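What follows is a single structure, written as structure tokens, with notes after it.
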Amino acid sequence: MKILRFDKDRIGIIKNDNLVVDVSELIQNRDIKGPQRVIEEVILNFDDLREDIEKLMNKDKGVSVDDIEILVPIPRPGKCIGAFLNYLDLGRTVDMLPLEFFYKDNTLLGPGGIINLIDVPEVTEFQPEAELAFVMKKSAKDLSVEDAMDHVFGYVPFFDISVRGITRYTRFLTKGQATHGPCGPWIVTKDEIPNPHSLNVKSWVNGEIAQNYSTENMAHKIPNLVAWASRFVELHTADVIATGTFHEGRKPISDGDFLEIEIEGIGKTGFHAKGFKSIHGTSEPTPGSGPAPALGVKDSSKITRI
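Shown next as structure tokens:
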């Protein structure tokens, strides 16, 4: 199923690709629980709710998606983290890409939202990186690779807005700014996507194609990402984990731009950019445009592997 939040914090299910059925009545005390707790309850109890959801969908015609305001699917997850350099591009191999993550601001941005591009003197570019993200179903700590997918609930398109030109000891300015985690339009449950490592991911800037790649190029697959991350932090219901991007084709964004993302079998949505002004053009990664992969993995049998 495709699960979304819409209008005044209501919960809906996509029907026949272009209709929305309101299933909010299945969640008691929504106003008291608040937006984030409500979506967490939907995710955690989805197996129990599914029969009632299907009954509602059978009797309710639904309304057009064009007649509602789609909200961010997960407004404030406990954690939003991104896999760091996790694609086999630019001549990289798996051995060159040790497992690692960075934190994103956990107040995520929904469809149609404004990405704030704060103009810092050292900044040369803002780059939207189109990514497949997955959503955790239940708490997970010290999981094995074999058990990892049992803890994944579904998938959502995600932009990792990355800042270039700044050199810092941390990823706060380059990866962690507010509004730099746009995602949506909705969550697609895991059963809808037989193989998340064989999906086409596309992005556009002002209608011009930018990235166009397959998740088959993901270096460390989702079970490995879950297992590795759960060694060091406890993952919880509705945590969002972005899986990385194939860097070729990225285009910078600046004030007034409109960027879109579409992932095969999941959905398409767009966002607006505001603030930083720059000359447009395709930006291919260079050694100075981001951190280089490790030259050698001395601890491959310890930290960087499951």
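The opening position of the sequence shown corresponds to residue 0 in numbering that gives the first Met the number 0, with each subsequent residue numbered one higher. Beta carbons: idealized from backbone N, C-alpha and C, even for Gly. Keep in mind the model is a prediction, meaning the values are calculated, not measured.
Query                                                                                                                                                                : Result
Fully enclosed by the stretch 206 to 288, which alpha helix (DSSP H) runs are 4 residues long or longer?                                                             : 221 to 231
To the nearest angstrom, how far is the alpha carbon of Gly11 from that of His150?                                                                                   : 23 Å
Measure the Cβ-Cβ separation of Lys276 and Asp254 and say whether it is below 8 Å.                                                                                   : yes
Quick check on the burial criterion: 16 or more other C-beta atoms within 10 angstroms. Buried or exposed for Arg230?                                                : exposed
In this structure, does DSSP put Thr188 in helix, strand or coil?                                                                                                    : strand
Can you check whether the CB of Arg29 is closer than 8 Å to the CB of Pro72?                                                                                         : no
Measuring straight from C-alpha to C-alpha, what distance separates Phe83 and Gly183?                                                                                : 21 Å
Measuring CA to CA, which of Glu247, Leu98 and Ala226 is closest to Met135?                                                                                          : Ala226
Thinking Val187 and Tyr154 are a contact (beta carbons under 8 Å), I'd like their distance in whole angstroms, please.                                               : 5 Å
Go ahead and pull the three-state DSSP assignment for Asp8.                                                                                                          : coil
Once you ignore the five residues that flank Gln126 on each side, which residues in its own chain have a CB closer than 7 Å to its CB?                               : Ser161, Arg163, Arg249, Pro251 and Ser282
For Ser202, I'd like the list of residues in its chain whose CB is within less than 6 Å of its CB, leaving aside the five on either flank, ordered along the chain.  : Ala129, Ala209, Gln210 and Ile260
Please classify Asn15 as buried or exposed, where buried requires at least 16 other C-beta atoms within 10 Å of its C-beta.                                          : exposed
With distances taken from CA atoms, which of Lys267, His196 and Leu18 is nearest Asp66?                                                                              : Leu18
I'd like to know whether the C-beta atoms of Thr268 and Pro110 end up nearer to each other than 8 Å.                                                                 : yes
Spatial neighbours of Glu121 within its chain, please: CB distance less than 6 Å, with the 5 preceding and 5 following residues excluded, ordered by chain position. : Gly164 and Ile165
Is there at least one non-hydrogen atom of the ligand FMN closer than 7 Å to the beta-carbon of Asp190?                                                              : The model on display carries no ligand, and the ligand FMN is accordingly not part of it.
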